[in-house]
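S.K.: Take this structure, written in structure tokens, and hold onto it; I'll ask about it next.
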Amino acid sequence: MNHPLASFIKRFLSHYLPVQKGLSVNTIMAYRDALKLLICYAADTVKIAVDQLQVEDIGEKIVLGFLDHLEQNRGCSTRTRNA
Numbered sequence: 010m011n012h013p014l015a016s017f018i019k020r021f022l023s024h025y026l027p028v029q030k031g032l033s034v035n036t037i038m039a040y041r042d043a044l045k046l047l048i049c050y051a052a053d054t055v056k057i058a059v060d061q062l063q064v065e066d067i068g069e070k071i072v073l074g075f076l077d078h079l080e081q082n083r084g085c086s087t088r089t090r091n092a
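Following this note's numbering, the numbering of the sequence shown begins with 10 at its first residue and continues without gaps.
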């Protein structure tokens, strides 16, 4: 079964973070920016369009590769690589 990633991210940013967690707009924007980087990295890695990504496309290999990408290509340390 396929689960479009975009719908989960939209609900996460528009409902879960502000309503359930009560996070500030700035914090939500930081989450949004980090997720945007992850999504672009994942789409490039699995060679599909961003709007075609499924939840199932984001596995351990993608996440670990993304964290390495942040360190190596964006100069983020392990402490700051969340964005």
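Note that CB positions come from ideal geometry on N, CA and C, so glycine has one too.
When burial is assigned at 16 or more other CB atoms within 10 Å of the CB, is Ile67 buried or exposed?
M.R.: So Ile67 counts as buried.
S.K.: Under a Cβ-count criterion, where at least 16 other Cβ atoms within 10 Å of its own Cβ denotes burial, should Ile57 be classed as buried or exposed?
M.R.: Flag for Ile57 reads exposed.
S.K.: Mind pulling the alpha helix (DSSP H) runs of 4 or more residues that sit fully within the segment 16-59?
M.R.: Fully enclosed alpha helix (DSSP H) runs of 4 or longer: 34-55.
S.K.: Once you ignore the five residues that flank Cys49 on each side, which residues in its own chain have a CB closer than 8 Å to its CB?
M.R.: So the qualifying residues of the chain are Val59.
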